[in-house]
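Read the structure below first, then the notes.
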Amino acid sequence: MVEKKGFPMPLEIEYPKELQGWEEMYPPTYMFSKERQEWEEKHFWFHDKIHAPEAMYPLDLIFQEAWQISLSQYTTRVFCIPPAQGIAQRMVGCYMYITPVASPPPEIIGEKAALFGKRVFYIFDHYDELWGIWLKKFRALGEEMESIKVPKEFPKFEPDDTVLPEPKGYYTSFEVIEAWDRLVNLMIKGWQYHFQYLNLAYLAYLMFSDICRKLFPGLSESVIGKLVAGAYVQMFRPEEELCRLARLAAAVPEVAKILKSDISPDKKFESLRKTAEGNDWLVEYEKSKDPWFYVSCGSGWFHYEGSWTTKLEIPFGYLKSYVERVERGEKIERDLPAIDKARAELAEEYKKLIKTDEDRKAFDDTYKAVRTIYKYAEDHLFWVEHWFHTIWFDKVREFGRLFVKSGILKDVNDIYLFNRFEVPNLIEDMATTWALGEGVPSGAKYWQAKAEKRKKILEAAKKWNPIPALGTPPEEIAEPFTIMLWGITTDRVKEWMKGAAIAPADVTELKGFASSAGVVEGKVRVVKLLEEITKVEQGDILVCPTTNPAWAPIFTKIKASITDIGGLTSHAAIVCREYGVPSVTGTGIATSVLKTGDTVKVDGNTGIVKILKRA
Amino acid sequence: MPYTLWFDRAGKEALTLVGGKNASLGELIRAGIPVPPGFSVTTDAYLEFIIGSLKDRIEKILSHIDLQDMTSLEEASGVIRKVMAQTPFSQKMEEEIASNYEALAKVFDTPDLPVAVRSSATAEDLPGASFAGQQDTFLWIQGIEDVLEKIRHCMSSLFTPRAISYRVKMGFPHEKVLISVGVQKIVDARAAGVMFTLNPLNGDPSKVVIEGNWGLGETVVAGLCNPDKFVVDKVTMVVDKEISLKGVECIFDGRSREVVHADIPPDRREIQCIEDQEILELARYARKIEDYYGCPQDIEWAIDKQKPFPFNIFMVQSRPETVWSQKRKEPVLGKKSVYELLMEKALSSVKIET
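Protein chains in written order, with my numbering: chain D, -1 to 613; chain P, 360 to 713.
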C-alpha cells in the first residue's frame, strides 16, 4: 500500500531488472534527468495511453517526436493560445509520459493574446476554403513520399548507364542515405501540417461546450459530442467503400460466392481474375483501395498494426460478412442523411429551450463556428494517421528488406528496434561496407545483438504495468488537448491517485466521461494488444486503452465500451453514439483494474462503471 | 352567482371566482392533462357566508383587537374561526355543494367518495400574500357532512392571526380578500410527489426534475422524507436516477379512517417508487404543461394504485416556478460575438483540485 498522497517523482521509479538498458533505445532528451529535475518535478507527467498505450518501438517514436514539436509550436509560436504552452514528452521504461507545460509569464500571455486575435479569427472565417488547400497540399506530400525510390539492393557493380556517356556522379550509397533522410523529413513535415488547424478545432469545441454548460448546466457530455460530431466524416469512408463493394458483389452471384468462401484473400484474387465479372469487380476494388484502404488496422501509430492493404484478411473478412448481410436483405450502410437530420433536430430542440434571443443567437453562432472547424479534427485523421502513415510503413519496410538483403539485420521488422537517429548509422555501415569492396566485415553482428537485446526488453516492458502518473498535479490547465483529448480533470487526477494507492483488485468503481448514453450489464473483454480484437464475442463489453475507427465493425458486436483514455470526441465515443452502444471513456485505469470475464455495469449517462462480480 | 363550478368549466378567466389553485386545475384540463375531477366552492359562496351570515359578528370581534398584542390577535382569530366552523351554510348553498359531491361520487360509483378539500386563494399574487390557506389541505374526506366541515375550515383560514394582521396593516378590507375551496376526487396513490420543469438546483431549462415517494404526495411536498429523484433530459429523455432510503409514507389508514404517516416496510425502502415508463410519462406531461403555460412550472403529481399505465398518472397541481424564471429573463451569455467568446475561452483554464 502506498502511504503517501500523490504520485512518485520521476527519478524515484524502480524498474524491473528485465528492463535494464531500455534507455539506450530512445533519444537522450527523452530521459528524466538530474539536470532538469527541478522543472520536471514541478510538472505532472501522465502515461499517454492514446498515442503510446504499449511499449514503444524506437522507430515508432518518430510520430511522437514530430507531434511534440508541431502541436506545441502551434500553441506557443503560431496561433499563440494565450495562457497555454506546449506538451513535453519523456520515456519511462518504454512507455511515453507527457505533461502540459506550465503557463508562460503574464507579459507573454498579453503578447500572445494580440496575435491570437489577429490570426485565429481569420482562420475561423475562411476554414472551408483553407481545408481545400490543405487537402491538396497534404495529398501532394503523401504522393511525394510514395515516389521515394529505395534501392532493392546494393549492386555488385553500378550499371553502365550510370557511368556512360557521363557518370551520374552519385551512386546507390548516396541514394539510400538520401532516401532515408527524405522519408524522415517528409514524415516530420506531414506532422507539421497535421496540427495546422487541430488546436483551433479543439479550442472551438471547448468554447461551444462551455456555452452549452452555461445555458444548460446539466447537459450531458455525450449530447455535446453528439451535437458537434459529423456524419460525413472521411474516417468512415473505408467502411463505406466496403459497403459499396459488398453491394456490387452481392449483385453478381459468382463474385459473391468467391467473396463468401473461406479461402485466403490471395486465392480470392486469383479466382476473381478468372472471370469477366470478377475482373470488373476488381477494377472497382482498385478504385476504392487508393486512398481509402490505406487505413490502419489499428490507430496508425504502430508498425505492427498493419493496414487494409497489408492485412487483406481484415477487409476481406468484413466483405464476407457484408455480402452475407446484403443477401439476407439487411441494410449495411450507416444512414448518413438520417444521422445528420437527427443531429440538426437535436440542436433545434435544445435551442427551443433557450429563453432569450441574445442567448439563442450566441448558441447559433458558436454552433455554426464549431461545426465548421471541428470537421478538421475528424477529417485530418484519415489523411495523416492512416493514409500517410500507411505509405510511411510501406517505405520503411523497403528499407527493412534492404537491411536483410545486405545482411545487416535478420528480419525486415527489426528496423523498428532502432530509432530514427540510429537508422542512418546502420545505413552508413551498409553503404561503407559495400563501398569498401569484397571481403570487408560489416557491423552486422553488433546491430543484430542490439536488436535481440531490445526485443527482450520490449517483451519485458509489455508485461510491466506502468503507473498512470508522476510528479506534481497542476492547479490549472489551459492546454486544449490536455483537457479534451486526454481528458485531464480533477476527477481524472483523483481517480489516478486512487489507482496508484489502491491495489487493482480492491477497486469497485471506475469513473470516466459519459461518452455515449445508456446503461448495460455484462461481461468484460479486455483487449490490451490489438491482435486480441478477434477474441471479442457478441455481447462483450470491450475494455481497451483506446479504440479507433478502423475497428468500426466490432461495434455492432459489443454491448458497451470502456477505455482508459479518451474524451467525448474520441473515436470510441463517436462510434458508440452512432451505434447506440453505451460508452465510458477516459477512466485511466480500466485495463489495469478489469480482467476478462469480470461482470460490470456500465452507465453511459453518468460515466460510472461498477464492478459487480470478479471473474 | 354560482356557489360551485366544476373544474373543467373554470380556467384562468375565473380566477376571482375559484382562486389560483382551482383555476390552474381548470387550465390543466383544457391543456389535455389528466386531472382528478372535482369542483370549486366559489368566492361568491364565501362572500355570502361571511357577509350574509357573519359580517356583523366578525367586525365586532375585530374592532377590539390590538395588532401589537399577539394574545389578543390569537384570541380574536380563535373566536372567529370557531364561529365560522359552527355556522351552517345557507340551505341553498349546502344543497348545491351536496348535489355536486353526490354527482362526483356517482361517477366513480362510490358512495362517500374520498376527496381532498383544499383552499384556493385569489390573492396569491399579492406580494407576501402567499400565506392564504397554505396548509389547508384535507385528505381523504368522506361524506357530505365532513366535506362541508372542511370547506368551512378552509374558508376560516383567512382569519389566522397572521392573515388578519396582514390585512389590517395593508389596509385591505376583510371582505375584499376572498377564498375559494376545491373539492377533488383523491388519488389513491401508490406513489406521488412534485416535479419542476427546470432543475431547481442550477436553473437548467433542459431538465425535468421529479421527486417522489411511496404513498400520498404530502411527505414530498412537506419535506418529510428523502424522496427518490429523477432528472430527465427534455430532449434525449435520458433519466438520471437517485434512489433514496425512504423511511416514511403518507397513507390512508382504514382502521382509524384517517391519513397517517407510516413506516415504509424494509422491502420497499430502497426500491425506486415509480417505474421507468412512468418517469418518462411524467416528464412528457411536464413539458406539455410548461409549453401550455409558456413558463417553467412546479407541479404536483400522483400515481393511482389500481389503474393500469398510462391511465394511472394524474396531475393535482401546477404553479409557476418563480426563482429561476425571474433570472432567466436576462441573457446568460451577455451580448458577445463568437470572437469574444472564443477569446474568453482561449484565455481561460481548467482548475484542478486535488
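All residues carry an ideal CB built from backbone N, CA and C; glycine is no exception.
Since this is a predicted model, take the numbers as computed values, not measurements.
Check                                                                                                                        : Outcome
Gln543/P, buried or exposed, once every other Cβ within 10 Å from all chains shown has been counted against 16               : buried
Cβ distance (whole Å) where Val518/D is taken to contact Val600/D below 8 Å                                                  : 6 Å
Neighbouring residues, chain P, relative to Lys40/D (Cβ below 9 Å)                                                           : Here the premise fails: no neighbours, minimum Cβ distance about 14 Å.
Where Ala373/P falls: helix, strand or coil (DSSP)                                                                           : helix
Cβ-based neighbour list, Tyr230/D, same chain, cut-off 8 Å, excluding 5 preceding and 5 following                            : Leu334 and Asp338
Opening and closing residue of the alpha helix (DSSP H) in which Tyr302/D lies                                               : Per DSSP, Tyr302/D belongs to no alpha helix (DSSP H) and is neither H nor E.
Contacting residues, own chain, Cβ-Cβ under 7 Å from Ile48/D (five flanking each side not counted)                           : Leu483, Trp484, Thr544, Ile563 and Gly564
Beta carbon of Thr585/D nearer than 7 Å to that of Leu468/D                                                                  : no
Closer than 7 Å at the beta carbon, the chain D residues around Ala705/P                                                     : Ile79, Pro80, Phe114 and Leu201
Near the ligand MG: Ile330/D beta-carbon under 6 Å from a heavy atom                                                         : This structure does not include the ligand MG; it has no bound ligands of any sort.
Alpha carbon of Arg358/D to alpha carbon of Val619/P, nearest angstrom                                                       : 49 Å
Best match in Leu376/P, Leu560/P, Lys441/P and Ile658/P for proximity to Ser539/P [C-alpha to C-alpha]                       : Leu376/P
Min CB distance Met606/D to chain P below 7 Å                                                                                : First, the amino acid is wrong: residue 606/D is Ile here, not Met. By this cut-off, Ile606/D is not an interface position.
Closer than 9 Å at the beta carbon, the chain P residues around Met495/D                                                     : Thr713
Gly552/P - partner residues in DSSP beta bridges                                                                             : Gly571/P and Trp660/P
Within the segment 514 to 567 of chain P, ranges of the beta strand (DSSP E) (whole runs, at least 3 residues)               : 538 to 544 and 548 to 555
Any C-beta of chain P under 7 Å from that of Asp538/D                                                                        : no
Simplified DSSP assignment, three categories, for Met596/P                                                                   : coil
DSSP three-state assignment for Tyr365/D, whether helix, strand or coil                                                      : helix
CB contact below 7 Å: Lys349/D versus chain P                                                                                : no
Range covered by the beta strand (DSSP E) that runs through Cys609/P                                                         : Val607 to Asp612
Residues near Pro439/D by beta carbon distance below 8 Å, same chain, minus five either side                                 : Thr431
Close Cβ partners of Gly304/D (< 7 Å) along its chain, the five nearest in sequence each way excluded                        : Cys295
Sequence ranges, alpha helix (DSSP H) only - wholly within the segment 97 to 147 of chain D, length at least 4               : 104 to 144
Interfacial residues, the segment 200 to 225 of chain D to chain P, with Cβ spacing under 8 Å                                : Leu201, Ala202, Leu204, Met205, Asp208, Ile209, Lys212, Leu213, Phe214, Pro215, Gly216, Leu217, Ser218 and Val221
Backbone CA spacing between Met452/P and Thr363/P [nearest angstrom]                                                         : 9 Å
Thr364/D burial status per 10 Å Cβ neighbour count (16 or more: buried)                                                      : buried
Coil, strand or helix - Cys654/P by DSSP                                                                                     : coil
Cut-off 7 Å between Cβ atoms - residues of its own chain near Arg395/D, not counting five sequence neighbours on either side : Val410
His41/D - DSSP class collapsed to helix/strand/coil                                                                          : coil
Ser294/D in three-state terms, based on DSSP                                                                                 : strand
Where Trp37/D falls, given that 16 or more other Cβ within 10 Å makes a residue buried                                       : exposed
Reference Glu156/D, options Phe172/D, Ile146/D, Glu144/D and Phe114/D, closest by Cα                                         : Phe172/D
Proximity of Lys403/D and Glu151/D at Cβ, strictly below 7 Å                                                                 : yes
Of the listed residues Phe448/P, Arg477/P, Gly391/P and Ile424/P, nearest to Phe398/P (C-alpha basis)                        : Arg477/P
Euclidean distance between Cα positions of Lys647/P and Ile392/P                                                             : 8 Å
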